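Here is the structure we will look at.
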Amino acid sequence: MSWKRFFQRKPENTGEAAEAADSASSYVREAERRRLARLLERRAALQYDLAQAEQALLPENRWTERIRELEAALAELEVELTQLEVSPAQAPEPALPAVAVKVTVDTEAQPATVSLEIDGMTFRWVEEVDWAERGHQIAPARLRRVEGDVAALLAEVGYGRPREELLETLAASLELLAADALAAARREGVVWVPLTLTDLARPCERCGGWRDVRGRCPTCAARDWQRQQLLLERNRLRQERDEVYRDWQRTRDRLPVVQRQLAEIEADIRALEAKGVRPSEES
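Going by UniProt numbering, 183 is the number at position 183 of the sequence shown; the sequence numbering is gapless.
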């Protein structure tokens, strides 16, 4: 072999080198396409942020509108809270007469009975016990009234047309009194304090309703619960209003930051497009 023919011989790996170079170039171009796709997505997000920030600078925007709605709701709540504090529309009714309440408990009877005699009228309860098939008690015993009419009792003592609050309060007090009397009869050393009809239902000076034998007023309890719900709602609305205001401030203050970031993204996109990079069809 002559030296001339030796030097004219082409390297055997020329094709492999070209193929490797093409593969590397294709990999770089694909990476640039993916980067361009990410930049385009980022630009769209920044354009949205820019629109929001520019809207936040306007005198009227979605934040100011929502704040006005919350302020109006808070004003209505304040009116409702004020109304709850207003004095009752009608003065409390006269107290019930101090008629003695005679209590009789028969724990030996089957079932046990409790009787209350008030101004010649009798209220009687019997104990109901829920028993299992094998004779085991499966539920606490309770009293069931089998005799006595609350409206008739009130009519007897001069309340011909009692309000519904008085009927409900007196009925509840009678139930409590009967249960307490039965429990006291079954416990040793308990001293029973005599009660009168006045003790079973007292006028409530706070709301004009009636308090039961334990001093509880259902009307006041309902008002207190309603007041608590209004206070919770007021706190929630105030918190939402403050959050809306803070979001408005943050969005408005981000305007220069968003503008700078968008300009940088635009520059990067132009640089890639100048190199002929285009987003792939999948992007």
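Using N, Cα and C, we set each Cβ at its ideal position, and we do this for glycine too.
All of these numbers come straight from a predicted model, not from anything done at the bench.
{"Query": "Cβ separation of Glu-240 and Leu-70, assumed to be a contact under 8 Å, to the nearest whole Å", "Result": "6 Å"}
{"Query": "Distance, Ala-45 Cα to Ile-265 Cα", "Result": "11 Å"}
{"Query": "Chain B contact for Leu-182 (CB, 9 Å cutoff)", "Result": "Among the chains in the structure shown there is no chain B, since it carries only a single protein chain."}
{"Query": "Glu-240 CB to nearest heavy atom of the ligand HEM below 8 Å", "Result": "Summarising the ligand content, the structure contains no ligands, and the ligand HEM is consequently not present."}
{"Query": "Bounding residues of the alpha helix (DSSP H) (the contiguous stretch that carries Ser-173)", "Result": "164-185"}
{"Query": "Option nearest Thr-169 by Cα separation, candidates Pro-203, Leu-195, Pro-194, Val-114", "Result": "Pro-203"}
{"Query": "Counted within 10 angstroms of its Cβ, other Cβ atoms place Gln-52 as buried (16 or more) or exposed", "Result": "buried"}
{"Query": "Unbroken stretches of the beta strand (DSSP E), 3 residues or longer, contained in the region 73-107", "Result": "100-106"}
{"Query": "Straight-line Cα distance separating Leu-57 from Arg-246", "Result": "14 Å"}
{"Query": "Own chain, CB closer than 6 Å to Thr-219, minus 5 neighbours either side, in chain order", "Result": "Cys-207, Gly-209"}
{"Query": "Beta-carbon spacing of Lys-102, Leu-81 below 9 Å", "Result": "no"}
{"Query": "Backbone secondary structure at Pro-203 - three-state DSSP", "Result": "strand"}
{"Query": "For Arg-186, the nearest candidate out of Glu-32, Thr-104, Gly-148 (CA to CA)", "Result": "Thr-104"}
{"Query": "Contact check, Thr-107 vs Arg-124, beta carbons under 9 Å", "Result": "no"}
{"Query": "Member of Glu-188, Arg-163, Arg-216 whose CA lies at the smallest distance from the CA of Ala-91", "Result": "Arg-163"}
{"Query": "Own chain residues within Cβ distance below 8 Å of Leu-177, not counting five before or after", "Result": "Val-101, Val-103, Leu-116, Leu-195, Leu-200, Val-213"}
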